[in-house]
Amino acid sequence: MRTVKVYQEAWPLHTPFVISRGTRSEAVVVVVELEEDGIKAVGECTPYPRYGESVESVLAQITTVIPQLEKGMTRAQLQDALAAGAARNAIDSALWDLEARRKQRTLSHIAGVELPELVTTAQTVGIAEPEQMAAAAKLLWDKGARLLKVKIDDRLITERMVAIRAAVPEAVIIVDANEAWKSDGLAARCQLLADLNVAMLEQPLPAGQDSALANFIHPLPICADESCHTRESLAGLKGRYEMVNVKLDKTGGLTEALALTQAAREAGFDVMLGCMLCTSRAIAAALPLAAKVRFADLDGPTWLAVDVEPGLHFETGKLYP
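According to our numbering, the sequence shown is numbered sequentially starting from 854.
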């Protein structure tokens, strides 16, 4: 008999996390614990209000399948029982963890992936005044980060980006607008970023307005985040985006994330691996994808004042699986 526990946790951040949608001071997660034959496993998700999720809604979704979980629900059965999203991710992650622990193998091993000894992860620069963002970028660079993800809204774009590039002339920079821009002026903003040697622009327009990118000539790759959840998203992204951001909380777990990554690459998209604000548990569940992507953005736990124990080994801009 399998037992199931579900609960929420709140993890304070050491620094406010500021993006175009607002400011976060803590990471609120939902945890699923499974125990079977004396083996304990865990999965974690981060409910995301942008996708209509709350802690309460995610807990309610998970509760609906607890009887099936207790009777031995498999990952394949889970895909049909719950829609893609945070709730399914917490359960899917726990089921993967259970299999890995039962077989006494790493998650990457049972997923058929060989991980590198070092994963370069983006470190995020939150929204602030230009000089503050430039100072934050320089501090991260001095600590060893070589890939910086700059959060931006629709204000002071030129001032912020010019200041950041001047502070870190050699850094690889990706820019995430989190749906904050409009199609008007997009061409000029893309050219600005290209002139500043920005490697990629993530989700400049609101999801649902992707048609504005059709036949839009742009001088740097554009990545779909909010516009890409599962394999079903890909058909609508062709000719509009060059890259997709895969996150377990969007795909509903590693099972669909692996399939999405393969399908995206076969369709000609580059792939980025992302995360929400979370603990090391959530990053560990995503690690099998780390060797399959162009950019990894896995710095969620580095924003926490204290991480879960045992946590993954992070250094600034580096993750050691």
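Idealized CB from N, CA, C, for every residue including glycine. None of the values given here were measured: they were computed from a predicted structure.
His962, DSSP secondary structure in three states | In the structure shown, His962 sits in a helix (DSSP, three-state: H, G or I).
Are the stretch 1063-1083 and the stretch 907-917 in contact at 8 Å, needing three or more beta carbon pairs?
-> no
How should Gly979 be labelled, buried or exposed, when 16 other C-beta atoms within 10 angstroms of its C-beta is the threshold for buried?
-> Gly979 comes out buried.
Roughly how many angstroms separate the alpha carbons of Gly875 and Gln1062, rounded to a whole number?
-> 21 Å
Use the C-beta contact count for Met854: other C-beta atoms within 10 angstroms, 16 or more gives buried, fewer gives exposed.
-> exposed
For Ser878, does the three-state DSSP call read helix, strand or coil?
-> strand
Beta-carbon proximity of Gly1106 to Arg955, cut-off 9 Å = no
When the Cα atoms are used, what is the spatial distance from Tyr901 to Leu935?
-> Approximately 16 Å between the Cα atoms of the pair.
Closest residue to Met1014 among Gly997, Ala988 and Asp1037 (Cα-Cα distance) = When only C-alpha atoms are compared, the closest one is Ala988.
Terminal residues of the continuous alpha helix (DSSP H) containing Asp811?
-> Only positions 854 to 1174 of the chain appear in the structure, and residue 811 is not among them; the question remains open.
Identify, in the order they occur along the chain, each residue of the same chain with its Cβ nearer than 6 Å to the Cβ of Arg1018, setting aside the five sequence neighbours on each side.
-> Leu1049
So what does DSSP say about Glu982, is it helix, strand or coil?
-> coil
Given Ala1143 as reference, the closest of Thr856, Ile944, Lys924 and Glu967 once Cα atoms are compared | Glu967
Same chain, Cβ closer than 6 Å to Ala1158, five either side skipped, listed in chain order | Pro865 and His867
What do you get for Thr977, buried or exposed, if any count of 16 or more other CB atoms within 10 angstroms of its CB means buried?
-> buried
Looking at the structure shown, is Glu909 part of a helix, part of a strand, or coil, going by DSSP?
-> helix
Residue range of the unbroken alpha helix (DSSP H) whose run includes Ile1136 | Ser1133 to Ala1139
Return yes when the Cβ of Ala1030 is within less than 9 Å of the Cβ of Glu1055, no when it is not.
-> Taking the C-beta atoms as reference points, Ala1030 is found nearer than 9 Å to Glu1055.
How would you label Gly1092, buried or exposed, when you count the other beta carbons within 10 angstroms and need 16 or more for buried?
-> exposed
How many angstroms separate the CA atom of Val885 from the CA atom of Met1096?
-> 31 Å
Does the beta-carbon distance from Ile944 to Leu960 come in below 9 Å?
-> no
Is it buried or exposed for Lys858, if we count other Cβ within 10 angstroms and need 16 for buried?
-> exposed
Is the stretch 1109-1124 touching the stretch 1142-1156 in the sense that three or more CB pairs, one from each, lie closer than 8 Å?
-> yes
Anticipated Cβ contact below 8 Å, Gly997 with Lys1171, distance rounded = 7 Å
Residue from Met1053, Pro969, Leu948 and Gly965 with nearest C-alpha to Leu1000 = Met1053
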